[in-house]
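Colleague: Dropping a structure here in structure tokens format, bear with me for questions.
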Amino acid sequence: MFGAASLGILALAGCTPAGVAIGVGATAATAASQERGFQGAMQDTEIRLEINHLFLQESETLFTDINLQVQEGRVLLTGAVEKPETELDAVRLAWQAPGVREVINEIEVTDQSSLGDVARDVWIETQLKGKLLIDSGVTSINYSIESVNKTLYLMGVAQDQAELTRVIGHAKDISYVRNVVSYVRLKDDPARRS
1 MFGAASLGIL
11 ALAGCTPAGV
21 AIGVGATAAT
31 AASQERGFQG
41 AMQDTEIRLE
51 INHLFLQESE
61 TLFTDINLQV
71 QEGRVLLTGA
81 VEKPETELDA
91 VRLAWQAPGV
101 REVINEIEVT
111 DQSSLGDVAR
121 DVWIETQLKG
131 KLLIDSGVTS
141 INYSIESVNK
151 TLYLMGVAQD
161 QAELTRVIGH
171 AKDISYVRNV
181 VSYVRLKDDP
191 ARRS
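Per the UniProt record's numbering, the sequence shown starts with residue 1, numbered consecutively.
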């Protein structure tokens with residue numbers, strides 16, 4: 001597991017010793033602030049690193065074409081692939097990581113994305129992250145955001161329904177967004193504890 005963890009941290013932090021130190025420190029500070037707590041965030045990070053490790057062992061395509069979010073043991077897979085077999089491999093491998101409680105498959109088959117589409121998705125994600133960051137009615141640190149072919153996927157923990165409604169409203173107000181898919185749970189949802 002150390003090998004996968006090291007590989008994941010190096011990939012996330014830019015592969016320099018300073019980048020690794022900054023990445024680890026930032027991850028710890030962010031994790032302590034999240035609704036799921038430090039231990040929950042670290043467990044999710046371990047799951048994410050293990051899935052990335054499994055993806056890399058299977059094929060470079062899985063690692064590069066599949067986006068991965070993990071919240072409270074729930075894994076959201078997004079991205080666009082050319083073959084249905086790639087989608088099935090991603091789901092199968094995600095379930096192999098210890099601690100996974102649920103795998104949500106939102107992978108699109110037959111990628112028609114151009115470089116412009118990918119850039120637009122990054123722009124959409126950046127716009128929403130900015131809106132959530134400046135909205136005092138939203139605890140932005142509790143949300144993960146992914147955009148694939150103009151569909152925004154949300155994961156995380158909302159303080160209450162009003163906050164979730166605000167987040168979805170912000171997402172729908174962004175240019176080019178054609179769909180918003182929410183896997184956000186409410187803070188007091190009993191399913192979070194099971």
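Note that beta-carbon positions come from the ideal geometry of N, C-alpha and C, so glycine has one too.
Taking the alpha-carbon positions, what's the V138 to Q161 distance?
Modeller: Roughly 11 Å separates the two Cα atoms.
Colleague: Which runs of the beta strand (DSSP E) at least 3 residues long sit entirely within the stretch 47-105? Give them in chain order.
Modeller: Within the stretch 47-105, the complete beta strand (DSSP E) runs of at least 3 residues are 66-71, 74-81.
Colleague: Using a threshold of 9 Å, state whether the C-beta atoms of I141 and Y153 are closer than that.
Modeller: Not closer than 9 Å, so no.
Colleague: Are at least three pairs of beta-carbons, each pair with one atom in the stretch 81-99 and one in the stretch 124-137, less than 8 Å apart?
Modeller: Taking 8 Å as the limit for Cβ pairs, the verdict is that the stretch 124-137 does not touch the stretch 81-99.
Colleague: Taking the alpha carbon of E72 as the point to measure from, which residue in D65, T64, T45 has its own alpha carbon closest?
Modeller: Ranking D65, T64, T45 by Cα distance to E72 puts T45 first.
Colleague: Of the residues Q112, L62, L186, E163, which one's Cα is nearest the Cα of V148?
Modeller: The option with the nearest alpha carbon to V148 is Q112.
Colleague: Compute the distance between the beta-carbons of V75 and V109, then report whether it is under 9 Å.
Modeller: Taking 9 Å as the Cβ cut-off, V75 and V109 do not qualify as a contacting pair.
Colleague: Just the Cα atoms here: how many angstroms apart are M42 and R166?
Modeller: About 28 Å.
Colleague: Using the C-alpha atoms, what's the distance from A191 back to A97?
Modeller: Going from the Cα of A97 to the Cα of A191 covers about 21 Å.
Colleague: Compare the Cα-Cα distances from S182 to each of Y176, D189, T151, S175 and report the closest residue.
Modeller: For the residues Y176, D189, T151, S175, the minimum Cα distance to S182 belongs to T151.
Colleague: Excluding the 5 residues preceding and the 5 following F63 in the sequence, name in chain order all residues of the same chain whose CB lies nearer than 6 Å to its CB.
Modeller: Within the same chain, F63 has close Cβ partners F55, L56.
Colleague: Could you compute how far the alpha carbon of D121 sits from the alpha carbon of D188?
Modeller: Between D121 and D188, the C-alpha separation is close to 31 Å.
Colleague: Is the beta carbon of V180 less than 9 Å from the beta carbon of I168?
Modeller: Their beta carbons are under 9 Å apart, which means V180 touches I168 by this criterion.
Colleague: Quick one: what does DSSP say E163 is sitting in, helix, strand or coil?
Modeller: Three-state DSSP puts E163 in a helix.
Colleague: With C-beta atoms as the reference, is V100 less than 9 Å away from I51?
Modeller: Taking 9 Å as the Cβ cut-off, V100 and I51 qualify as a contacting pair.
Colleague: Residues in the same chain with beta-carbon distance under 7 Å from Q69, minus the five sequence neighbours each way, listed in chain order, please.
Modeller: L76, S144, E146, M155.
Colleague: What does the Cβ neighbour count give for G37, buried or exposed, with the cut at 16 atoms within 10 Å?
Modeller: Classification of G37: exposed, given that the 10 Å Cβ count is below 16.
Colleague: I107 to V118, Cα distance in whole Å?
Modeller: Approximately 15 Å between the Cα atoms of the pair.
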